[in-house]
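>
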Amino acid sequence: MTEMNRRALLRTAALAGVAAATGLTAAAPAAAAATTEVVNGPWLVSVGWGVLQVNPGRTTPQQLLTDGDQATTSPDGRYVAWINNARSGDGSLEPYVSLFDRVTGDIRTLLADPFGVVYGAPTWSPDGTQIALVVDRDTLVAVDVATAAKRVLVQGHAMSQPNWSRDGSMIVMRWTSRSEGPQLRTLELATGKVRPIYTPEAAGELFHGPVFMPNSERVVFCTNRWTRDTEVLGGQALGSVRIDGTGLKRLTDETRYYQSPVFSPDGRYCAALSVPPTNEAPDGGNIIVSTSGFGDPWWIPGDEYDDSSRLDWARAI
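Take any residue in the sequence shown, count from 1 to its spot, add 526: that is its number in my numbering.
1) Verify whether the separation of the beta carbon atoms of Asp639 and Gln656 is less than 7 angstroms.
2) When burial is assigned at 16 or more other CB atoms within 10 Å of the CB, is Phe641 buried or exposed?
3) Output yes or no for whether 7 angstroms exceeds the beta carbon distance between Thr749 and Phe733.
4) I need the straight-line Cα distance from Met739 to Ser691, nearest angstrom please.
5) Looking at C-alpha atoms only, which residue of Phe626, Leu764, Cys796 and Glu743 is the closest neighbour of Gly771?
6) Apart from the five residues just before and just after Val606, which ones in its own chain have a Cβ nearer than 6 angstroms to its Cβ?
7) For Gln656, verify whether its CB is less than 6 angstroms away from any heavy atom of the ligand MG.
8) Whole angstroms are fine: how far does the CA of Pro736 sit from the CA of Ala647?
9) I need the straight-line Cα distance from Ala658 to Gly811, nearest angstrom please.
10) Is Arg628 buried or exposed, if buried means 16 or more other CB atoms sit within 10 Å of its CB?
11) If you follow the beta strand (DSSP E) that Gln762 is in, where does it begin and where does it stop?
12) Nearest-angstrom Cα distance between Ala840 and Phe789?
13) Does DSSP classify Thr853 as helix, strand or coil?
14) Taking the alpha-carbon of Asn610 as reference, which of Ser624, Met699, Gly603 and Pro601 has the nearest alpha-carbon?
15) Please report the straight-line C-alpha distance between Gly730 and Thr665, rounded to a whole angstrom.
16) Would you mind reading off the limits of the beta strand (DSSP E) that contains Gly718?
17) Under the DSSP definition of a beta bridge, which residues are partnered with Tyr783?
18) Mind checking whether Pro688 and Ile697 have CB atoms under 7 angstroms apart?
19) If you measure between the beta carbons of Gln762 and Thr756, is that distance less than 7 angstroms?
20) Taking the C-alpha atoms as reference points, what is the distance between Thr635 and Asp779?
21) Assign Ser834 to one of two classes, buried (16 or more other C-beta atoms within 10 Å of its C-beta) or exposed (fewer than that).
22) If you drop the 5 nearest sequence neighbours on each side, which residues of the same chain put their C-beta closer than 6 angstroms to that of Ser572?
23) Quick check: what's the CA-CA separation for Ser695 versus Leu715?
24) Going by C-alpha to C-alpha distance, which of Lys719, Pro726 and Arg704 sits closest to Leu710?
25) Who are His734's beta bridge partners in DSSP?
26) Comparing alpha-carbon positions, which option in Gly654, Arg776, Gly682 and Leu679 lies nearest Val672?
27) From Gly821 to Trp569, what distance separates their C-alpha atoms?
28) Using a Cβ-Cβ cutoff of less than 7 angstroms, which residues in the same chain neighbour Asp758 once the five nearest sequence positions on both sides are dropped?
29) Nearest by alpha-carbon distance to Met685: which of Ala674, Asp693, Met699 and Lys676 is it?
Structure below.
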């Protein structure tokens, strides 16, 4: 078999995996808008200076947004929320949180503040009416999408990477306790109680990217807890823990770089940013996908997303 034929077969196999995961052909998104069935749509890759969109059945990303970072899509797939913390050379870009309408192309500023205010990664409530994010690294707020009204959920501790459970009851985040150090904690929205669910095994352990499983009963995250002694640069694994802090387990066998795990809108697949074996250094990498059971992963072929910071998986519209 020639190298060209081998590449063609691998590309065809990978695209077949894309079609299976998305349930879409190139023309299907328009039809999906007429049904309430959850259909998986494109991946969004935030690359620090903007947001790329990788459409189902395609490998070359499109430029969706030309500035900002940490993009995430509303549960119905229509809106993309993203942040900007940078200032351009002429000073015209101040910190803001904006919404992009995937149907009309309109952009609306939700929050705006003077330069120096820092916005963290946003996360949508499951009904799409609110966005939660960390402001200035120590205050978690919920923002009403219709009115832009803010309410403080918790403050006074270093927090990052919040993720709202699909049942709407909790938000998980990376949290730094003054007495216990970095942890994963959940905020119970009905009571305001914050509970630790994961504490590192050793000082210096790297862990990040907590995201609820679709049933809201466990949290998946990236960690080098089991891989610190390996020689894989940036080597980690995906692990999970129950929301009561029990049942810690390793989900992926092969040590590799992982970042920003996300579940598909239909809940059947999990994707993450990772680095193919052909890449010598972790740089944001490509998209790796597996079933929700984390077996037999496959790569989305195409361009590398250097220095990418977040992956999201949008519902088709």
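Positions of the beta carbon are idealized from the N, C-alpha and C atoms, including for glycine.
Owing to the predicted nature of the structure, the values given are computational and were not obtained by experimental measurement.
So, from the listed chains and residues:
1) no
2) exposed
3) yes
4) 8 angstroms
5) Glu743
6) Ala597, Thr599 and Phe626
7) Ligands displayed in this structure: none; no statement on the ligand MG is therefore possible.
8) 12 angstroms
9) 27 angstroms
10) buried
11) Neither: Gln762 is in no beta strand (DSSP E) and is coded neither H nor E.
12) 10 angstroms
13) Because the chain spans 527 through 843 in this model, residue 853 falls outside it and cannot be assessed.
14) Ser624
15) 24 angstroms
16) Per DSSP, Gly718 belongs to no beta strand (DSSP E) and is neither H nor E.
17) For Tyr783, which the question treats as bridged, DSSP gives no partner whatsoever.
18) yes
19) no
20) 42 angstroms
21) buried
22) Asp595, Gln596, Ala597, Ser835 and Arg836
23) 6 angstroms
24) Pro726
25) Cys748
26) The amino acid at residue 672 is misidentified as Val; the sequence shows Ala. It is Gly654 whose Cα lies nearest to the Cα of Ala672.
27) 20 angstroms
28) According to the sequence shown, residue 758 is Val rather than Asp. Correct list, in chain order: Thr781 and Arg782.
29) Met699
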